[in-house]
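Protein chains in written order, with our numbering: chain B, 2 to 227; chain D, 862 to 1015. For each residue, glycine too, the CB sits at the ideal point set by N, CA and C. Here is the structure we will look at, set down as structure tokens.
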Amino acid sequence: MPRQIPVGDAPLKQPVWDLPTRVVHWLLAALITFSWWSVHHHHTDWHIWSGIAILTLLLFRLMWGFVGSSTARWSSFIRGPRAVVNYLKGKWTGIGHTPLGALSVMAMFLAVAVQVSLGLISQDEDGIFFGPLAHLVSSDTSDKARDIHEFWFESVIVPLIALHVAAIIFYRLRGRKLTKAMITGRADLGSAAPMRAARWWVALICIVIAFAIARWVVAGAPPFGS
Amino acid sequence: MRRVTFVVAFSVIATAAVAAPLSRQQALQVMHVRHEGMETIGKNNKALHRELVSGSPFMPTVRSSAANIANLAGQATRWFPAGTGPDVANTGAKPEIWQNQADFIAKLRTFQAAARAMNAAAAGTDVGVMNARFDAMDNACKACHDKYRSEMHH
Chain B
2 MPRQIPVGDA
12 PLKQPVWDLP
22 TRVVHWLLAA
32 LITFSWWSVH
42 HHHTDWHIWS
52 GIAILTLLLF
62 RLMWGFVGSS
72 TARWSSFIRG
82 PRAVVNYLKG
92 KWTGIGHTPL
102 GALSVMAMFL
112 AVAVQVSLGL
122 ISQDEDGIFF
132 GPLAHLVSSD
142 TSDKARDIHE
152 FWFESVIVPL
162 IALHVAAIIF
172 YRLRGRKLTK
182 AMITGRADLG
192 SAAPMRAARW
202 WVALICIVIA
212 FAIARWVVAG
222 APPFGS
Chain D
862 MRRVTFVVAF
872 SVIATAAVAA
882 PLSRQQALQV
892 MHVRHEGMET
902 IGKNNKALHR
912 ELVSGSPFMP
922 TVRSSAANIA
932 NLAGQATRWF
942 PAGTGPDVAN
952 TGAKPEIWQN
962 QADFIAKLRT
972 FQAAARAMNA
982 AAAGTDVGVM
992 NARFDAMDNA
1002 CKACHDKYRS
1012 EMHH
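Below is the structure:
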């Protein structure tokens, strides 16, 4: 890929990830880690609240994918197989998620959404802790949901995280610092057009809606409990 | 002095009775009964919780679940003889149970008392009292499980 010739001491850094996208990314990483730790250290109550926080993040990110900055939008990075092939042939010139990386983003988003949904209807084996929507299904269903919830983490979430980290290391070895861009929000984009930023108050509206929906789920959803 | 002698003698006999090594068959039998018993307690606790969180608990379920838990809690006294730990077969019972036996027994007694109290509340009509007793019982379960149960119990 053509790289811009540095002007002065450093290459010109341009915006590629907006603040909400970065905050969601790092909070998600932290909360998934915390969820794993807390459930293995007798803090199932914290585990459930962590899951609800993740639900809030997913809801926000879903909306931000429609009204957020250009690189955060689903429409900007969900592409067909031909785009993936072209990217692998080195013919991709966009910014943000690459067509291949977008597949990883989608897989992780969906996998975490499934995980949260399973958690919401789960109960622990002792009958002490219950997901906020567990009362909407039978006791047997809640037990099964918990079994799948455990299986899903080990068999889907962890491998996807491993693949994600491996890909970042792979690109780093080829000289691309993806992690730094996800922290600073800026990268050397060459001649490509930079990100078009969304307005801050749009993010605020999305946050309010995400919290409201999460609050509704915590209350026990439909007409609040059975 | 005579009293001390009596206590010592009694302790020796009691310990000998408890510590009489179990055959492998007996140990596995106890572990099986323990596993089934704990699972049944869990099942009843789930049913009880589901009734109590609903606005209008179905009392027959509350009463039968509370009674089953209290009954099994009483039997639990016999579920942890020495020689039924993870060195014998796959179990969630940690070796610490037999290393801190006094603490373990105190926690078991707390649970048994909490289960009896829950059962007594279920016989009445005050849902507020039932909820309070239920929380106390859950705390008793958790206090023991956090310390003495490993994750290897499936």
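{"Item": "Here's a check: name, in chain order, each residue in its chain whose Cβ is nearer than 7 Å to the Cβ of residue 193 (chain B), leaving out the five neighbours to either side.", "Value": "94, 95, 96"}
{"Item": "Name the two residues that bound the continuous alpha helix (DSSP H) containing residue 208 (chain B).", "Value": "201 to 219"}
{"Item": "Report the neighbours of residue 123 (chain B) on chain D: residues whose CB is nearer than 9 Å to its CB, in chain order.", "Value": "Correct list: empty, because the minimum Cβ distance to chain D is about 11 Å."}
{"Item": "Nearest by alpha-carbon distance to residue 180 (chain B): which of B:67, B:52, B:70, B:98 is it?", "Value": "B:98"}
{"Item": "Against chain D, does residue 126 (chain B) count as a neighbour if the rule is that its beta carbon must be under 8 Å from one of theirs?", "Value": "yes"}
{"Item": "What's the gap between the Cα of residue 873 (chain D) and the Cα of residue 890 (chain D)?", "Value": "At residue 873 (chain D) the pLDDT is 47, less than 50, meaning the model places this residue with poor confidence; the figure from the coordinates comes in the next sentence. If I take the Cα positions, the gap works out to 26 Å."}
{"Item": "Whole angstroms are fine: how far does the CA of residue 210 (chain B) sit from the CA of residue 900 (chain D)?", "Value": "41 Å"}
{"Item": "Would you check if the region 155 to 163 of chain B and the region 101 to 112 of chain B touch, i.e. whether three or more CB-CB distances between them fall below 8 Å?", "Value": "yes"}
{"Item": "Against chain B, which members of the region 977 to 1006 of chain D pass a CB distance test of less than 8 Å?", "Value": "999, 1002, 1003, 1006"}
{"Item": "Please check if any C-beta of chain D sits within less than 8 Å of the C-beta of residue 39 (chain B).", "Value": "no"}
{"Item": "With DSSP as the reference, label residue 100 (chain B) as helix, strand or coil.", "Value": "helix"}
{"Item": "How far does the alpha helix (DSSP H) with residue 929 (chain D) in it reach, from first residue to last?", "Value": "920 to 936"}
{"Item": "Going by DSSP, name the residue or residues bridged to residue 124 (chain B).", "Value": "B:131"}
{"Item": "Under 8 Å between C-beta atoms, does residue 154 (chain B) make it to chain D?", "Value": "no"}
{"Item": "Check whether the region 100 to 108 of chain B and the region 127 to 144 of chain B touch, using three or more Cβ-Cβ pairs below 8 Å as the test.", "Value": "no"}
{"Item": "To the nearest angstrom, how far is the alpha carbon of residue 196 (chain B) from that of residue 957 (chain D)?", "Value": "58 Å"}
{"Item": "Using a Cβ-Cβ cut-off of less than 9 Å, list which residues of the region 905 to 926 of chain D approach chain B; keep chain order.", "Value": "905, 906, 907, 908, 909, 910, 911, 914, 915, 916"}
{"Item": "Below 8 Å on the Cβ atoms is my contact criterion, and I expect residue 101 (chain B) with residue 119 (chain B) to pass it. Report the Cβ-Cβ distance as a whole number of Å.", "Value": "Actually they do not touch by this definition, with Cβ atoms about 28 Å apart."}
{"Item": "Give the DSSP-derived three-state secondary structure of residue 16 (chain B) in the structure shown.", "Value": "strand"}
{"Item": "Need the endpoints of the alpha helix (DSSP H) that residue 143 (chain B) sits in, please.", "Value": "140 to 153"}
{"Item": "Is DSSP giving residue 1010 (chain D) helix, strand or coil here?", "Value": "strand"}
{"Item": "Give me whichever residues DSSP pairs with residue 954 (chain D) in a beta bridge.", "Value": "D:1010"}
{"Item": "According to DSSP, is residue 939 (chain D) part of a helix, a strand, or is it coil?", "Value": "helix"}
{"Item": "Express the C-alpha separation of residue 178 (chain B) and residue 172 (chain B) in angstroms, rounding to a whole number.", "Value": "7 Å"}
{"Item": "Determine whether the beta carbon atoms of residue 61 (chain B) and residue 25 (chain B) lie at a separation below 8 Å.", "Value": "yes"}
{"Item": "Any beta carbon from chain B within less than 8 Å of residue 898 (chain D)'s own beta carbon?", "Value": "no"}
{"Item": "Distance check for residue 1008 (chain D) and residue 208 (chain B), CA to CA, integer angstroms please.", "Value": "40 Å"}
{"Item": "For residue 924 (chain D), tell me which candidate among D:988, D:946, D:893 has the shortest Cα-Cα distance.", "Value": "D:988"}
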